[in-house]
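Asker: Protein chains in written order, with my numbering: chain A, 9 to 412; chain B, 235 to 511. Positions of the beta carbon are idealized from the N, C-alpha and C atoms, including for glycine. Treat the numbers as computed from the prediction; the structure is a model and nothing was measured. Attaching a single structure in structure tokens format; questions to follow.
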């Protein structure tokens with residue numbers, strides 16, 4: 009192929025709605041209208057995008073053929089990692105008892121055997137209440153964001169989230185069984201069992217017709233979700249009384265209240281184990297970018313890879329849901345927001361999404377427990393309140409171009 | 235790459251979509267795969283790519299070290315020198331065979347460089363780094379797409395996208411290149427430059443094509459499929475006769491000679507004597 013002159017009209021982008029609106033769009037529309045070699049189609053489309061007519065300065069959606077620059081992974085992880093450390097430290101100091109960074113550091117030092125004589129109350133607040141909670145928030149946020157990114161790639165569905173395979177509904181059913189029916193099992197164990205039962209049901213249903221295609225997985229997950237949700241509603245409707253409603257609702261919306269060092273171990277352990285496997289398989293996830301056939305042509309065992317990774321992500325998600333309930337929007341929104349910076353390559357996307365998810369959930373939980381102090385709201389309400397506008401913003405910024 | 239398609243067949247839903255095809259596309263040249271819609275072109279390409287295991291026969295390619303070490307089933311047409319492409323190790327196969335699908339879209343925002351880098355996946359190490367840093371740049375340069383490297387994929391024209399897809403395939407450093415309708419949605423100039431580029435690559439290439447004149451102008455060899463069977467194979471000037479085109483496509487055609495290139499030109503009409511079928 010000979011190199012065409014870069015401005016050859018045929019090589020101009022043909023889809024004017026393809027990328028973010030920029031303020032100079034109006035000027036460009038005027039330029040194109042007066043340029044003799046511009047295809048008429050492009051001019052007409054740009055004008056149509058401005059139904060009010062004539063307001064040349066108004067930003068409108070148009071092409072942005074300029075270069076796309078991605079920051080280096082080391083920079084993103086450096087900034088993200090620093091933000092995470094600072095967030096953890098500051099979040100631990102926030103709360104009804106007025107403790108500064110100094111006191112927190114002394115308590116931590118005490119447990120590391122470096123400092124002697126820390127007030128008992130400080131120790132109880134920092135070490136038994138706030139630190140496990142903040143660390144669990146970080147682990148859950150990191151896990152949900154990474155799990156969401158993987159699910160979106162495996163299903164090639166931008167609306168996929170970690171709960172796609174019916175996990176949250178299954179976990180809720182398990183949790184409600186404990187909260188309402190008084191089944192004598194620890195709540196996280198019941199939630200995990202519920203999530204895994206839902207996963208097994210979904211995959212069995214998705215496999216009935218042969219291979220697990222993305223569409224099959226989504227539809228089977230939807231069916232299992234609805235069934236588990238109906239069962240949950242029935243149990244609540246039939247048996248719950250008075251105060252248990254609030255406890256149930258708080259769990260259903262996702263909450264980090266009552267987390268312990270056991271929660272840290274469950275969520276952190278699952279994150280470390282599954283997270284490192286996911287980062288090691290980042291290339292295989294990349295291969296799905298242009299679909300299953302393209303992945304197969306790039307040397308991927310499509311069926312086995314999808315089946316294995318979906319199961320791994322589901323196990324991670326099951327562990328997270330078990331300690332925190334079904335916190336929404338982190339796994340849906342953060343991968344999209346982060347990929348604006350990292351691009352879609354998973355070797356970059358997954359670690360940065362994890363760090364960002366951790367920072368995000370640490371602050372969301374800090375808000376959840378302080379805004380209406382001494383009352384506490386489910387952190388799922390905060391993530392939704394923040395997540396929905398962010399999602400809307402991403403859609404508006406034209407990243408929806410690839411989603412048309 | 236020396237490629238032998240030996241009695242290959244594939245069944246989908248109980249029907250033989252590709253049925254006993256025997257062919258030997260020439261080495262290092264462009265072979266056109268022709269036939270009406272539903273003739274089995276895409277399925278045959280998937281069989282040749284080794285991503286669809288055949289229900290009959292095999293597609294044979296020269297073996298590599300790993301493949302020759304593996305014992306072959308009795309009665310298989312394979313020898314250590316010629317192994318079925320679907321039995322090769324997936325990653326190794328992806329370093330030798332590249333397939334470009336007819337329709338391929340992404341659901342994530344990519345840059346051109348990221349698209350081309352996908353072709354390096356079969357070469358990446360466990361931790362995802364590419365042992366050959368310059369491979370993506372070379373592939374971009376080979377497809378004359380360097381100037382697009384940092385552009386967003388969603389802002390490219392159809393011709394530019396196809397050029398980048400070719401660069402992605404070249405990043406796989408293939409010995410065998412398989413293209414499904416590569417000229418779809420391209421304007422005439424882009425169609426010509428793409429096929430001329432592929433023809434001059436010197437890589438064994440099989441391209442499914444709808445446009446008979448493009449096939450006649452650029453292909454060294456053509457294979458004509460109808461209802462999953464191979465009905466003709468050979469140089470376009472010998473194969474693309476009015477009789478064959480009537481039989482396969484149910485059209486009336488006059489085959490002329492291009493005044494400049496001397497290659498066959500096919501003039502179609504729908505007002506023939508036998509339109510009653």
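Is the shortest distance between the beta-carbon of residue 307/A and the beta-carbons of chain B less than 8 Å?
Answerer: Here residue 307/A corresponds to residue number 299 of the first chain, with the count starting at 1. So, interface residue.
Asker: What does residue 356/B touch in chain A if you count any residue whose Cβ is under 8 Å from its own?
Answerer: Start at 1 with the first residue of the second chain, and residue 356/B comes out as number 122. The contacting residues are 306 and 307.
Asker: Does residue 250/B come out as helix, strand or coil in the three-state DSSP assignment?
Answerer: Translated into the one-based positions of the second chain, residue 250/B becomes position 16. Strand.
Asker: Check this for me: beta carbons of residue 180/A and residue 263/A, under 8 Å apart or not?
Answerer: As a working note, residue 180/A is residue 172 in the first chain. As a working note, residue 263/A is residue 255 in the first chain. Cβ distance not < 8 Å, so residue 180/A and residue 263/A don't count as in contact.
Asker: Buried or exposed for residue 253/B, please, with buried defined as at least 16 other CB atoms from any protein chain shown within 10 angstroms of its CB.
Answerer: Against the second chain, residue 253/B aligns to sequence position 19. Buried, by the Cβ-count rule.
Asker: By the DSSP assignment, the beta strand (DSSP E) with residue 265/A in it spans what residues?
Answerer: Locating residue 265/A in the first chain gives position 257, where the first residue counts as 1. First-last for residue 265/A: undefined, no H or E at that position.
Asker: Count the other C-beta atoms from every protein chain shown that fall within 10 angstroms of the C-beta of residue 38/A, then say buried if there are 16 or more, exposed otherwise.
Answerer: Here residue 38/A is taken as the residue at index 30 of the first chain, counted from 1. Confidence at residue 38/A is low in this model, with a pLDDT of 36, below 50, so its placement is unreliable and no value can be given for it.
Asker: Below 8 Å on the Cβ atoms is my guess for residue 438/B versus residue 286/B; work out the distance and round it to an integer in Å.
Answerer: Here residue 438/B is taken as the residue at index 204 of the second chain, counted from 1. Here residue 286/B is taken as the residue at index 52 of the second chain, counted from 1. 19 Å between Cβ atoms; not a contact.
Asker: Three or more C-beta pairs under 8 Å: does that hold for the segment 325-335 of chain B against the segment 297-310 of chain A?
Answerer: Yes, they touch.
Asker: Checking contacts by CB at 8 Å: is residue 294/A closer than that to chain B?
Answerer: As a first step, residue 294/A is located in the first chain; it is residue number 286 there, counting from the start. Closer than 8 Å: yes.
Asker: Quick check on residue 210/A - is its C-beta less than 8 Å from some C-beta in chain B?
Answerer: Translated into positions along the first chain, residue 210/A becomes position 202. No, residue 210/A lies away from the interface with chain B (no Cβ there is under 8 Å from its Cβ).
Asker: Is there contact here, the segment 364-383 of chain A with the segment 367-374 of chain B, by at least three beta-carbon pairs under 8 Å?
Answerer: In short, these stretches do not touch, since the Cβ pair count stays below three.
Asker: Which class does residue 134/A belong to by DSSP, given the choice of helix, strand or coil?
Answerer: The count along the first chain starts at 1 and reaches residue 134/A at position 126. If DSSP states are grouped into helix, strand and coil, residue 134/A belongs with the helices.
Asker: In terms of residues, what are the limits of the beta strand (DSSP E) holding residue 463/B?
Answerer: By 1-based counting over the second chain, the position of residue 463/B is 229. Looking at the DSSP string, the run of the beta strand (DSSP E) that includes residue 463/B is 463-468.
Asker: Below 9 Å on C-beta distance, what does residue 170/A contact in chain B?
Answerer: Locating residue 170/A in the first chain gives position 162, counting from the first residue. Chain B residues near residue 170/A: none, gap ~17 Å exceeds 9 Å.
Asker: Which value, in whole angstroms, describes the spacing of the CA atoms of residue 359/A and residue 314/A?
Answerer: As a position in the first chain, residue 359/A is number 351, starting the count at 1. As a position in the first chain, residue 314/A is number 306, starting the count at 1. So the alpha carbons of these two residues sit roughly 20 Å apart.
Asker: Between the Cα of residue 265/B and the Cα atoms of 391/B, 271/B, 398/B and 415/B, which residue gives the shortest distance?
Answerer: Residue 265/B sits at position 31 when you count from the first residue of the second chain. Of 391/B, 271/B, 398/B and 415/B, the residue nearest in Cα terms is 415/B.
Asker: Closest to residue 394/A by C-alpha separation, out of 373/A, 384/A and 383/A, would be which residue?
Answerer: Indexing the first chain from 1 puts residue 394/A at position 386. Minimum Cα-Cα distance from residue 394/A among the listed residues 373/A, 384/A and 383/A corresponds to 373/A.
Asker: Mind pulling the chain D residues with CB within less than 7 Å of residue 362/B?
Answerer: Here the protein chains are A and B, and chain D is not one of them.
Asker: Return the first residue and the last residue of the beta strand (DSSP E) that residue 455/B is part of.
Answerer: Numbered from 1 along the second chain, position 221 holds the residue referred to as residue 455/B. 455-460 is the span of the beta strand (DSSP E), which, as asked, contains residue 455/B.
Asker: Please list the segments of the alpha helix (DSSP H) lying wholly inside the segment 321-384 of chain B, counting only runs of 4 or more residues, in order along the chain.
Answerer: 324-328, 346-352 and 369-376
Asker: Which parts of the segment 257-333 of chain A are runs of the alpha helix (DSSP H), unbroken and 4 residues or longer, counting only runs that do not cross its ends?
Answerer: 269-288, 290-295, 300-305 and 310-332
Asker: For residue 247/B, collect the residues of the same chain with a Cβ closer than 7 Å to its Cβ; drop the 5 residues on either side in sequence, then sort them by chain order.
Answerer: The residue you call residue 247/B lines up with position 13 of the second chain. Excluding sequence neighbours, residue 247/B sits near nothing in its chain.
Asker: In three-state terms, what does DSSP make of residue 240/B?
Answerer: One-based indexing of the second chain puts residue 240/B at position 6. Looking at residue 240/B - three-state DSSP - the assignment turns out to be strand.
Asker: In chain order, which alpha helix (DSSP H) runs of at least 4 residues are fully inside the segment 118-171 of chain A?
Answerer: If we require 4 residues or more, the alpha helix (DSSP H) runs fully inside the segment 118-171 of chain A come out as 128-131 and 139-163.
Asker: Quick check on this structure: which residue in 397/A, 123/A and 147/A has the alpha carbon closest to the alpha carbon of residue 271/A?
Answerer: Numbered from its first residue, the first chain carries residue 271/A at position 263. Nearest C-alpha to residue 271/A: 147/A.
Asker: My guess is that residue 344/B and residue 387/B are in contact by the Cβ rule of under 8 Å, so how many angstroms apart are they, rounded?
Answerer: Your numbering for residue 344/B matches position 110 in the second chain. Your numbering for residue 387/B matches position 153 in the second chain. Correct: roughly 4 Å between the Cβ atoms.
Asker: In terms of residue numbering, what span does the beta strand (DSSP E) encompassing residue 489/B cover?
Answerer: Sequence index remark: in the second chain, residue 489/B carries index 255 (1-based). Counting along the chain, the beta strand (DSSP E) containing residue 489/B begins and ends at 486-491.
Asker: For residue 384/B and chain A, any beta-carbon pair shorter than 8 Å?
Answerer: Taking the first residue of the second chain as 1, we reach residue 384/B at position 150. For residue 384/B, the answer is yes, since a Cβ of chain A falls inside 8 Å of its Cβ.
Asker: Is residue 38/A helix, strand or coil when you go by DSSP?
Answerer: Residue numbering aside, residue 38/A sits at position 30 when the first chain is read from its first letter. For residue 38/A, the pLDDT reaches just 36, beneath the cut-off of 50, and the residue's location in the model is therefore unreliable, although a value from the coordinates is still provided. Correct three-state label for residue 38/A: helix.
Asker: Tell me which same chain residues have a C-beta within less than 8 Å of the C-beta of residue 243/A, skipping the five on either side of it?
Answerer: Here residue 243/A corresponds to residue number 235 of the first chain, with the count starting at 1. 181, 184, 185, 188 and 189.
Asker: With burial defined as no fewer than 16 other Cβ atoms inside 10 Å of the residue's Cβ, what is the status of residue 160/A: buried or exposed?
Answerer: As a working note, residue 160/A is residue 152 in the first chain. Around the beta carbon of residue 160/A, 16 or more other beta carbons lie within 10 angstroms, which makes this residue buried.
Asker: In terms of residue numbering, what span does the alpha helix (DSSP H) encompassing residue 436/B cover?
Answerer: Position 202 of the second chain, counted from the first residue, corresponds to residue 436/B. Per DSSP, residue 436/B belongs to no alpha helix (DSSP H) and is neither H nor E.
Asker: Shorter than 8 Å from the beta carbon of residue 339/A to some beta carbon of chain B?
Answerer: The residue you call residue 339/A lines up with position 331 of the first chain. No, because no Cβ of chain B sits closer than 8 Å to the Cβ of residue 339/A.
Asker: In terms of residues, what are the limits of the beta strand (DSSP E) holding residue 393/A?
Answerer: Within the first chain, the letter at position 385 stands for residue 393/A. No beta strand (DSSP E) holds residue 393/A; the alpha helix (DSSP H) holding it covers 387-404.
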